[in-house]
Amino acid sequence: MCGIIGYTGKLEVQNVLINGLSRLEYRGYDSAGIAYFRENQPHISLRKTAGKVKDLRAVCDKVNPSTCGIGHTRWATHGGVSTANAHPHRVGKVALIHNGIIENYAAITNKFNLADELQSETDTEVGAALLNHFYEETHDPKETIRKAVAEIKGSFAFGILFEDHPGEIYAVRNVSPMVASFDPKIGAFIASDVTAFIEHTNRYFVVPEYTIASLSPEGIALEDLEGHPVTPEIMTVDWDLTAAEKDGYPHFMIKEIHEQPAAITRTITPRIKNDLPDFSGDQVPDDFFKGAENVTIVACGTAMYAGMVGAEFIQNHLRMPVTVSIASEFRYSQPVIDKNSIVIVVSQSGETIDTLEALKLAKQYTDRTLSIVNVKESSIARESHYVVYTHAGPEIAVASTKAYTVQVATMYLLGFKLGLVNGRLTEDEAKERVQALKAIPGHIEEVLQYENQVKELTSRMVNAQDAFYIGRGLDYRVAMEGALKLKEISYIHAEAYAAGELKHGTISLIEEGVPVIAIANQQKVYEKVISNIREVKARDAFVILISKDKEINDPTVCNVHLSIPDVPDDLTVFETAVICQLIGYYTSVGKGLDPDQPRNLAKSVTVE
Ligand code: M6R
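Shown next, in the form of structure tokens:
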């Protein structure tokens with residue numbers, strides 16, 4: 001939530017910041033702003049506005065020769081969406097950008113008598129005033145930062161300009177992410193993530209927590225709060241600018257939907273040896289799985305729905321108890337886990353604060369935590385005992401698509417491994433399942449051929465107030481993800497129901513034309529689901545049926561039938577999910593909305 005960037009070097013900073021911010025916009029798009037040194041003079045200028053980065057572009061100078069500055073795109077937490085609340089915040093000689101929350105901003109305001117200096121409603125401005133307070137005392141940026149962070153409770157990634165230090169940027173963080181990079185030919189960068197500066201360099205490092213980074217055109221110096229030098233671990237991203245751009249597609253979301261076959265292949269291939277699951281490349285030893293008595297899966301949103309799919313497999317096929325928890329609930333619970341419990345946390349960003357805190361809680365009970373994470377070296381990845389990275393590449397659209405299917409694929413491989421190591425799955429059974437999983441990318445390509453058909457049928461969805469997704473067993477789990485996809489980007493109220501549960505209340509909401517997306521891919525309950533579908537069809541719902549049947553022409557069952565390729569029941573989740581993603585996307589587009597940046601949302605949820 002909120003994206004930050006800073007740059008000092010040889011390039012004109014305004015372009016660097018605005019281009020970077022446009023790629024960080026997925027983190028928040030309520031307001032945007034930049035601060036820069038005017039032509040390397042000890043004078044800081046600010047440009048900011050409520051609205052998106054394109055609105056910021058409009059209020060910036062046409063030509064700006066400055067080569068040092070900071071920029072911010074905001075997801076509002078403290079204080080509404082306004083230009084006054086936009087970052088950077090300047091107090092006295094300090095300009096500050098911030099991603100995170102200063103929890104004790106009220107106490108700091110009182111303790112240091114800062115109220116008269118504040119013009120916005122933000123916690124960040126209190127941070128700027130606090131920094132300025134110490135800077136007036138010390139005239140030393142690093143000493144100022146040391147004193148300020150000792151007072152602040154909460155999460156922060158700060159980028160700071162001090163007026164007497166043109167050409168320099170200072171940065172420090174706690175919890176909130178920050179990466180940095182230096183190239184002697186270009187200059188020094190900090191940002192919330194690498195996408196912000198990927199057009200300039202693919203080398204970066206994670207700024208360690210409570211480490212002060214001092215950026216100048218000559219380099220980046222790091223030191224801890226005691227003044228000891230810190231040496232970072234330099235990393236390279238394995239994707240380039242095109243992965244962070246739309247590449248000819250109208251939106252990131254549809255691009256990312258189409259990237260799924262390749263993303264799944266990239267994710268599973270390194271974890272398969274001789275058609276058996278193999279996590280040796282991830283340094284996860286067999287001992288991690290051995291003797292496990294139960295599994296707890298913790299995540300938020302789509303990542304949690306991916307966890308639910310994994311849970312179905314582990315429970316039904318390995319007969320091992322599994323609990324799936326919403327991270328924000330789990331973190332304040334008293335979980336029933338011990339050293340024989342495996343805890344799997346799932347997160348695309350690796351930053352979701354509730355998931356991170358849930359993981360920390362789980363570690364108090366067991367040494368067997370494993371994260372499934374897409375963003376390398378993110379907080380969750382570093383906090384867990386083991387990490388299995390998904391290789392979806394950067395996911396920019398707020399609605400998660402490719403991250404979900406690679407998480408599900410990873411959950412399956414982990415499930416196979418868990419079964420093998422504990423004698424709950426034979427090698428032949430595991431091989432058969434792995435082979436079927438390897439074929440999934442090809443089947444997704446087939447499903448993507450339905451794109452135009454799905455686009456057409458969403459014309460029946462755009463005026464809907466409500467929609468329902470129904471299924472049983474695994475289909476119910478994927479129905480939840482389908483409903484989330486529709487509601488978050490089309491603003492249509494959508495709910496998933498276990499098909500058998502409808503008649504216990506919800507069926508009263510079914511009336512003529514209400515869209516019902518019915519999923520019937522589980523052989524064991526196929527007839528039951530079809531009966532449930534008939535019940536809503538009899539009440540004139542508009543039924544879109546997803547099933548493995550080649551053809552269904554029975555008007556008492558559905559209005560539209562989408563036939564998916566015949567794969568084992570467990571694996572239909574991939575094909576169904578892709579259809580649900582297309583339904584969500586085209587409904588949103590059909591309503592004239594922006595599916596990439598739905599209202600009120602941000603991609604990484606780093607606040608509670
Ligand atoms: O980065 P994470 O996977 O931890 O994010 C979890 C959720 O915030 C995320 O899946 C959210 O629900 C998406 N907007 C769903 O499309």
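Residue numbers (this note's numbering): 1 to 608.
No residue lacks a Cβ here, since even glycine has one placed at the ideal position from N, Cα and C.
Residues near residue i by beta carbon distance below 8 Å, same chain, minus five either side
i	result
E209	R173, N174, V175
T506	F468, E495, Y497
R57	I18
Y135	G92, K93, V94, P141, T144, F162
V59	R47, K48, T49
Three-state class that DSSP yields for residue i in the structure shown
i	result
D570	helix
G219	strand
I254	helix
T323	strand
P565	coil
R23	helix
D183	strand
H493	strand
P208	coil
D596	coil
I70	strand
D240	coil
S176	coil
I579	helix
G79	coil
L361	helix
R203	strand
L161	strand
D354	helix
L370	strand
P229	strand
S588	helix
A602	coil
I152	coil
M480	helix
G500	helix
I234	coil
I264	helix
I4	strand
Residues near residue i in its chain [Cβ-Cβ closer than 6 Å; skip 5 each side]
i	result
Q597	Y29
Y609	The first residue shown for the chain is 1 and the last is 608, placing residue 609 beyond what the model contains.
L215	T8, I169, A188
A128	H89, V91, V94, L96
E25	V53, T73
L545	A518, C558, H561
P568	A436
T211	L222, D224, V230
7 Å Cβ shell around residue i - same chain, five flanking residues per side excluded
i	result
G500	R472, K528, N532
T556	R534, K537
H81	Here the sequence assigns Val to residue 81, which means His is not the residue at that position. Excluding positions up to five away in sequence, the list reads D30, S31, A50.
G167	T8, F37, N40, C68, S216, P217
L571	A436, L437, I440
Q363	Note that residue 363 is Lys in the sequence shown, not Gln. Cβ within range, chain order: T369.
Whole-angstrom C-beta distance between residue j and residue i, which should lie under 8 Å
i	j	result
V298	V345	5 Å
D157	G100	The identity of residue 157 in the sequence shown is Ala, whereas the question assumes Asp. Indeed, because the Cβ distance is near 6 Å, the residues count as touching under 8 Å.
A84	S120	5 Å
V434	A577	Contact flag wrong, Cβ pair sits at about 20 Å.
I34	G69	6 Å
G71	L21	5 Å
D338	Y305	Between Y305 and D338 the Cβ distance is about 27 Å, and since that is not below 8 Å, they are no contact.
P394	A243	6 Å
T355	I380	6 Å
**Study point:** Inside the segment 504–561 only - alpha helix (DSSP H) runs reaching at least 4 residues
**Key:** For the segment 504–561, whole alpha helix (DSSP H) runs of length 4 or above, ordered along the chain, are 526–537.
Exercise for review: Mind listing, in chain order, the continuous alpha helix (DSSP H) runs of no fewer than 4 residues lying wholly within the segment 27–64?
Suggested key: The segment 27–64 contains these whole alpha helix (DSSP H) runs: 53–59.
**Study point:** At least 3 beta-carbon pairs within less than 8 Å: the segment 572–592 vs the segment 487–497
**Key:** Taking a contact to require three or more Cβ pairs closer than 8 Å, the segment 572–592 and the segment 487–497 qualify as touching.
Review point. If we count Cβ pairs, one from each stretch, closer than 8 Å, do we get three or more for the segment 103–115 versus the segment 176–191?
Key: By the criterion of at least three beta-carbon pairs nearer than 8 Å, the segment 103–115 is not in contact with the segment 176–191.
Practice item. Measuring from each Cβ to the nearest heavy atom of ligand 3, keep the ones under 5 Å and list them in chain order. Key: Because ligand 3 does not appear in the structure shown, any question about it cannot be addressed here, the ligands present being ligand 1.
Check your understanding: Is there contact here, the segment 36–47 with the segment 227–237, by at least three beta-carbon pairs under 8 Å?
Key -> Touching, no, given that fewer than three Cβ pairs across the two stretches are closer than 8 Å.
Exercise for review: Could you name each continuous beta strand (DSSP E) segment of 3 residues or more that falls completely within the segment 428–477, going from the start of the chain to the end?
Suggested key: Runs found: 466–471.
Check your understanding: Unbroken beta strand (DSSP E) runs of length 3 or more, entirely within the segment 372–438: which are they?
Key -> Restricting attention to beta strand (DSSP E) runs no shorter than 3 residues, the segment 372–438 encloses them at 386–389, ordered along the chain.
**Study point:** Continuous beta strand (DSSP E) assignments of at least 3 residues falling wholly in the segment 268–349
**Key:** Taken in chain order, the whole beta strand (DSSP E) runs of length 3 or more contained in the segment 268–349 are 294–299, 322–326, 341–347.
Check your understanding: Can at least three beta-carbon pairs, one atom from the segment 182–196 and one from the segment 8–21, be found at a separation below 8 Å?
Key -> Contact between the segment 182–196 and the segment 8–21 is established, with three or more Cβ pairs separated by less than 8 Å.
Practice item. Scan the segment 84–140 and note each continuous beta strand (DSSP E) run of 3 residues or more that stays entirely inside, going in chain order. Key: If we require 3 residues or more, the beta strand (DSSP E) runs fully inside the segment 84–140 come out as 89–91, 94–102.
Point to revise | At least 3 beta-carbon pairs within less than 8 Å: the segment 453–465 vs the segment 277–284 | key: Verdict: no, contact absent.
Check your understanding: Does the segment 287–303 come close enough to the segment 410–420 to have 3 or more Cβ pairs within less than 8 Å?
Key -> Enough Cβ pairs lie closer than 8 Å, so yes.
Exercise for review: May I ask you to verify whether the segment 315–323 touches the segment 267–278, counting CB pairs closer than 8 Å and requiring at least 3?
Suggested key: Contact between the segment 315–323 and the segment 267–278 is not established, with fewer than three Cβ pairs separated by less than 8 Å.
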